[in-house]
Amino acid sequence: MRFKLSLNVADAPNCLLPVNYQYPLSAWIYKTIHEGDHAFARFLHETGFRTGGAAYKFFTFSRLQFPHRGFVMQGDRMKLLTDKAELEVSFLAPEAMQHFVSGLFSEQHFRIGDKQSAVNFRVEKVEAMPLPDFKPTMIYRTLSPVLVSYKADEARNAHYYEPQDTAYNSLFLNNLKQKAVSAISHGLIQSFEPGNGELSFKLSDDKLRSNLLKIKANTPAETRIRGFLYNFELTAPLLLHEIGYLGGFGEKNSLGLGCVAAINK
Numbered sequence: 057m058r059f060k061l062s063l064n065v066a067d068a069p070n071c072l073l074p075v076n077y078q079y080p081l082s083a084w085i086y087k088t089i090h091e092g093d094h095a096f097a098r099f100l101h102e103t104g105f106r107t108g109g110a111a112y113k114f115f116t117f118s119r120l121q122f123p124h125r126g127f128v129m130q131g132d133r134m135k136l137l138t139d140k141a142e143l144e145v146s147f148l149a150p151e152a153m154q155h156f157v158s159g160l161f162s163e164q165h166f167r168i169g170d171k172q173s174a175v176n177f178r179v180e181k182v183e184a185m186p187l188p189d190f191k192p193t194m195i196y197r198t199l200s201p202v203l204v205s206y207k208a209d210e211a212r213n214a215h216y217y218e219p220q221d222t223a224y225n226s227l228f229l230n231n232l233k234q235k236a237v238s239a240i241s242h243g244l245i246q247s248f249e250p251g252n253g254e255l256s257f258k259l260s261d262d263k264l265r266s267n268l269l270k271i272k273a274n275t276p277a278e279t280r281i282r283g284f285l286y287n288f289e290l291t292a293p294l295l296l297h298e299i300g301y302l303g304g305f306g307e308k309n310s311l312g313l314g315c316v317a318a319i320n321k
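Quick note on the working numbering: the sequence shown kicks off at 57 and runs consecutively.
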């Protein structure tokens, strides 16, 4: 399920939003779920859906979407010039929770920012979004950066791959297949063989942008990760399309990475 949240920017115009707002926005989503279902929120935050050594949380969200010329950059701040914004929040979730999630977000108030500046938002409207008509080959546009990395056992830090790197395609697709295994084992989707049918990934054009993200920015716990925004073509079994669309492509989806929109061919 996916929802579009229409937001009112309570402090507009000329309020300052930190550009690294993904972590506090993720924390607000967790908090909102927690207020409605403590057990599910705790499960998402502490473990997720675990398969082997990996845990997949199967939700993602877009970057905040503002009208054209709705903000200007001021250093590491976004100066908001509009009182309107939108956010897409997406879950590959058990059937049992779908009926109340929309109500959890309705009329919520939240504040996003840091010690330097923050912005107050109000949820004006929550709309359930229909799923795309999935086909074996789809073209997607990223609504938030996609992160693909690899960390060797002896390495101190992970290596963040660019889409042009030789290993990128296989890492991207393997991540998606592992999510399928986890989703099947937890009853989120029906069983199928991820190896059946063609499976391929490629950029669909040259519109590629790097995006350096700071998690817990300006704190002792700050970490930096690098994702990429692009359009891509994916050929895969239909259930893999659904998993990626609803749960996110790539890594760290619960921090608002790997959210996509389908583009009609």
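All C-beta atoms in this analysis are idealised placements derived from N, C-alpha and C, irrespective of residue type, glycine included.
Worksheet item: Relative to the C-alpha of PHE156, which residue among PHE228, VAL202, VAL182 is closest?
Response: Distances from the alpha-carbon of PHE156 to those of PHE228, VAL202, VAL182 put VAL182 closest.
Practice prompt. Name, in chain order, the residues that DSSP records as bridge partners for ARG212.
Written response: According to DSSP, which records beta bridges pairwise, ARG212 is partnered with nothing at all.
Practice prompt. Identify every residue that forms a DSSP beta bridge with TYR196.
Written response: Under DSSP, TYR196 takes part in a beta bridge, and its partners are PHE288, ALA318.
Fill in: Proximity winner among ALA277, GLU289, LYS270, PHE228, relative to ASP262 (alpha-carbon distances)
Residue GLU289 is the option with its Cα nearest to ASP262.
Worksheet item: Apart from the five residues just before and just after ASN231, which ones in its own chain have a Cβ nearer than 8 Å to its Cβ?
Response: These residues qualify, in order along the chain: VAL204, PHE305, GLY306, GLU307.
Worksheet item: Using the rule of at least 16 other Cβ atoms within 10 Å of the residue's Cβ for burial, across every protein chain shown, is THR103 buried or exposed?
Response: With a pLDDT of only 48 at THR103, under the threshold of 50, the placement of this residue in the model should not be trusted; the figure read from the coordinates follows. With a threshold of 16 other beta carbon atoms within 10 Å, THR103 falls short and is exposed.
Worksheet item: Would you call PRO293 buried or exposed, if buried means 16 or more other Cβ atoms sit within 10 Å of its Cβ?
Response: A residue is called buried when at least 16 other Cβ atoms come within 10 angstroms of its Cβ; PRO293 meets this threshold and is buried.
Discussion item. Using the three-state DSSP reduction, which class does ALA223 fall into: helix, strand or coil?
Written reply: The three-state secondary structure of ALA223, taken from DSSP, is coil.
Worksheet item: Can you list, in chain order, the residues of its chain whose CB lies under 7 Å from that of ARG133, leaving out five sequence neighbours each side?
Response: The residues are LEU72, LEU73, PRO74, VAL75, SER173.
Worksheet item: According to the neighbour-count rule (16 or more other Cβ atoms, all chains shown, within 10 Å of its Cβ), is ARG58 buried or exposed?
Response: It is buried - the Cβ of ARG58 has at least 16 other Cβ atoms within 10 Å.
Worksheet item: To which residues of the same chain is SER158 closer than 8 Å at the C-beta, ignoring the five residues directly before and after it?
Response: PHE59, VAL182, ALA184.
Worksheet item: Taking the beta strand (DSSP E) that ILE39 falls in, what are its first and last residues?
Response: The shown model of the chain, from 57 to 321, leaves out residue 39, and the question about it has no answer.
Worksheet item: Touch check for the region 269–282 and the region 221–235: three-plus C-beta pairs under 8 Å?
Response: Taking 8 Å as the limit for Cβ pairs, the verdict is that the region 221–235 does not touch the region 269–282.
Item to complete: Just the C-alpha distance for ALA214 and LEU269, rounded to the nearest angstrom, thanks.
Response: It is roughly 14 Å from the alpha-carbon of ALA214 to the alpha-carbon of LEU269.
Worksheet item: By Cβ distance, which residues of its chain are closer than 6 Å to PRO80, with the 5 residues on each side in sequence left out?
Response: Taking C-beta separations shorter than 6 Å and ignoring five residues to either side along the sequence, the partners of PRO80 in its chain run ILE168, following chain order.
Worksheet item: Taking all protein chains shown into account, do 16 or more other C-beta atoms lie within 10 angstroms of the C-beta of GLN220, making it buried, or fewer, making it exposed?
Response: By the C-beta density criterion, GLN220 is exposed, having fewer than 16 other C-beta atoms within 10 angstroms.
Worksheet item: For the alpha helix (DSSP H) that contains ILE85, what are its first and last residues?
Response: 78–92 is the span of the alpha helix (DSSP H), which, as asked, contains ILE85.
Fill in: Assumed close pair ALA66, PHE177 - CB separation to whole angstroms, cut-off 8 Å
Yes, ALA66 and PHE177 are in contact; Cβ-Cβ is about 7 Å, under 8 Å.
Practice prompt. Provide the residue span of the beta strand (DSSP E) that contains GLN130, from first to last.
Written response: Note, GLN130: beta strand (DSSP E), 127–130.
Worksheet entry | Extent of the continuous beta strand (DSSP E) run through SER266 | Here the beta strand (DSSP E) through SER266 covers 265–271.
Worksheet item: Could you give the C-beta distance for GLY314 and LEU148, rounded to a whole number, given that I count them as a contact under 8 Å?
Response: At roughly 12 Å, the Cβ-Cβ gap does not stay under 8 Å, so GLY314 and LEU148 are not in contact.
Item to complete: Taking only the alpha-carbon atoms, compute the straight-line gap between GLN234 and VAL175 and give it to the nearest angstrom.
Response: C-alpha separation (whole angstroms): 37 Å.
Worksheet entry | Residue from ALA141, PRO192, GLU180 with nearest C-alpha to GLU163 | When only C-alpha atoms are compared, the closest one is GLU180.
Worksheet item: In the structure shown, what three-state DSSP assignment does PRO274 receive?
Response: Residue 274 is actually Asn in this sequence, not Pro. If DSSP states are grouped into helix, strand and coil, ASN274 belongs with coil.
Worksheet item: Is ASP67 helix, strand or coil by DSSP?
Response: Three-state DSSP puts ASP67 in coil, outside helix and strand.
Item to complete: Whole angstroms is fine: what's the gap from TYR216's alpha carbon to TYR206's?
Response: Distance between the alpha carbons of TYR216 and TYR206: 7 Å.
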